[in-house]
Structure formats: C-alpha cells, structure tokens
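Single-structure report; data block below.
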Amino acid sequence: MTCAIDVDRVSFAYDDFRMEDINLELHIGEQKAIAGLNGSGKTTLFKLILGLLEPRSGQIFVRDRRVTRENLWEVRQDVGFLFQNPEDQLFAPTVWEDVAFGPRNLGLEPQAVSDRVDWALERVGMSSFSHRSVTELSHGQAKRIALAGVIAMRPSILILDEPFTGLDFKMVQNMVDIIRDLKQDGVSILFTTHDSFFIENWSDTVAVLEEGKIVFDGPTKDAMRDDRVTRNVGDWGQLRHRLRNPDGRRL
Ligand SMILES: Nc1ncnc2c1ncn2[C@@H]1O[C@H](COP(=O)(O)OP(=O)(O)O)[C@@H](O)[C@H]1O
Ligand SMILES: [Mg+2]
C-alpha cells in the first residue's frame, strides 16, 4: 500500500456546479494541502472521499479499500474528518460524552473509552472542559473539542477542512502543535486552506482546485512560483497597496 487516499477520475455535479475528472493521491505519512478559492469544490471533494456524497463516475480508495455505501463504517475508522464548522459535529450533552461517542461505537470497554477520551481532551488542552455543555463553547473551543472527538478514534488519516479559519493566533499555534504531533505519530494529513502561509510552510505537496478542476498538483517547493497556484491562493501582503494612496500613505 502506497496511498492513504486515491481519488481516481472522479466526476460529480450539483445543479450549478461540476467537478470533472478529479485525480488525487495522498501518500502514507504525507501532509497535503488542498487550496482554492471559496466555492472551488474543496469541501465537496472531502465529502466525496468520506462517502457523504457519491461520485457520478470514477472511484475513491482509502487504504486500498474502495469507498462504497456498504463499507462506510470501515472507511470512517481509518479517516478522521474535522468539519469546517465544528458546531456541525458536536451533538452530545457534554464535551466528555461527545468525545466518547466514537470510541464507544468502536465497541471498546468502558475503561478503554474513558482512557481515550481523557487522552484526547488532554492532547487538545481541553481536559478542564469535560463536563461543560457543547452549546457553551466558543468557536475555537468547539473546534478543539471536535478535533478531540476525531483523534479519540485514532485514525491513520486526518482530513481537516479549513482547520485554522476563524481562530485567533494562539488557537492557531495550539492547533498547529496538535496536528504536528499527530503527523509525527505517522498520521497522513489532507487539509484545505486558501492561505499561502500554510501551503508554503506546512505542506509537503499541494493540489489546487479551480472551479471544480485540479489545475496544479505537485511539491510545495515548486508551487509558489506557478501562476496556477498564485492566482488561486491569497497572499495578504498583496492587499497592502489597496490600503494606501498612490503616494504610499495609508488611506
Ligand atoms: N448541497 C449543495 N447543493 C448545491 N450546491 C452546492 C451544495 N454544496 C455546495 N454547493 C456548491 O458547490 C460549489 C463548491 O462548494 P464547496 O465544495 O463548499 O466549495 P469550497 O469548500 O471550496 O468553498 C459552490 O458553488 C457551492 O455553492
Ligand atoms: Mg469549504
């Protein structure tokens, strides 16, 4: 097995949006960024990989197992998915119960469930929140609890949809630390971003989606000089001239 995820000639369509001939590989231990503007199809691609949507044509393999309706449960044990909006994946009354849901479904003994929950909450720095209601969390806290629920399943592959969006810089640092440790444990990681910083500094390879098509896929070191990448990836420095008068003074 060389691929954690293999997307093979996949097409998909909503009424007003098409994804055409998508090919993508995530290798074992690789950290790959999926970049693209809002609406380019990043979340749709992730939903296809997870079997939440079904391709019109083509096929998807997770650790050599074809993703079908019949084996979604096995696939979900391999792949942990952090939604763009963490509020979409928290539903138990308390933080502790929420993180325990997945391990319980694996059929683990109560002590093993408890150990996993405590470990996951510790890892995301949220142990002191275990008895809190999931409805009382800030966005950043909800994101960390959602991630705790994901890592409590000990997945070998992590899919993170805009893991840093909406977080302050301390929370971003915390999230980076957590994900870096997981990568060091051998977890393969696919994450979306539209920020050049994370692509340049934090991915081995990058695939760029533009209007439902992959227009670039390759090593990050080659990417930032390529127009197919830079026209789809924001660099906040580019905004500077818009905030200044022609003479260079701030507006
Ligand atoms: N459930 C849906 N039904 C119809 N169109 C959708 C649905 N979800 C997303 N879309 C459309 O598909 C396109 C890609 O969306 P999405 O995958 O969420 O993009 P991204 O995650 O890159 O911002 C957008 O044009 C969006 O409006
Ligand atoms: Mg999205």
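For the sequence shown, the working numbering gives the first residue as 1, with consecutive numbering after it.
For glycine and all other residues, C-beta sits at the position ideal for the given N, C-alpha and C.
Nearest by alpha-carbon distance to residue i: which of the options is it?
i    : options                : result
A35  : R242, F197, R249       : F197
R69  : D15, G80, P55, L82     : P55
I5   : T43, Q59, M19, R18     : Q59
W96  : E87, N105, V206, A120  : A120
A207 : S11, S40, F17, R18     : S40
D64  : V79, S57, L53          : V79
V10  : A142, I178, R66        : R66
L182 : G29, C3, D16, A142     : G29
C3   : S156, R132, N232       : S156
M153 : R116, V233, D16        : R116
H139 : P163, S127, D118       : P163
I178 : M224, E200, E122, V229 : E122
N308 : V187, L209, R180, N38  : Because the chain spans 1 through 251 in this model, residue 308 falls outside it and cannot be assessed.
L52  : L72, K221, N38, Q238   : L72
V7   : Q184, D118, F61        : F61
Q84  : L239, H194, N105       : H194
What do you reckon, are the CB atoms on residue i and residue j nearer than 8 Å?
i    : j    : result
T192 : D161 : yes
V113 : A92  : no
D102 : G149 : Position check: residue 102 holds Gly in this sequence, whereas Asp was assumed. Against a cut-off of 8 Å, the Cβ pair of G149 and G102 comes out as a contact.
L24  : D217 : yes
F98  : V134 : Going by the sequence as given, residue 98 is Asp instead of Phe. Yes, they are a contact pair.
P86  : A146 : yes
V233 : I199 : yes
F19  : G248 : Sequence check: residue 19 is Met here, not Phe. The answer is no: Cβ separation not under 8 Å.
F81  : F46  : yes
M126 : Q141 : yes
S203 : T220 : yes
Could you tell me how far apart the beta carbons of residue i and residue j are, in whole angstroms, since I believe they sit closer than 8 Å?
i    : j    : result
I214 : I22  : 6 Å
R144 : V172 : Actually they do not touch by this definition, with Cβ atoms about 12 Å apart.
R250 : R244 : 6 Å
K42  : T205 : That pair is no contact at about 15 Å.
I151 : L190 : With a Cβ gap of about 15 Å, I151 and L190 do not count as contacting.
H131 : T165 : That pair is no contact at about 28 Å.
For the region 30 to 75, which segments carrying the alpha helix (DSSP H) assignment without a break, of at least 4 residues, lie completely within its bounds, in sequence order? With a minimum length of 4 residues, the unbroken runs of alpha helix (DSSP H) contained wholly in the region 30 to 75 fall at 42 to 49.
Quiz: which residues have CB nearer than 7 Å to ligand 2 non-hydrogen atoms: That gives K42, T43, Q84, D161, E162, T192.
Only counting runs of 4 or more residues, tell me where the alpha helix (DSSP H) segments fall wholly within the region 203 to 248, in order along the chain. Within the region 203 to 248, the complete alpha helix (DSSP H) runs of at least 4 residues are 220 to 223, 227 to 230.
Which whole runs of the beta strand (DSSP E) in the region 112 to 169 are 3 residues long or more, in chain order? Taking only runs of at least 3 residues, the beta strand (DSSP E) segments lying wholly in the region 112 to 169 are 157 to 160.
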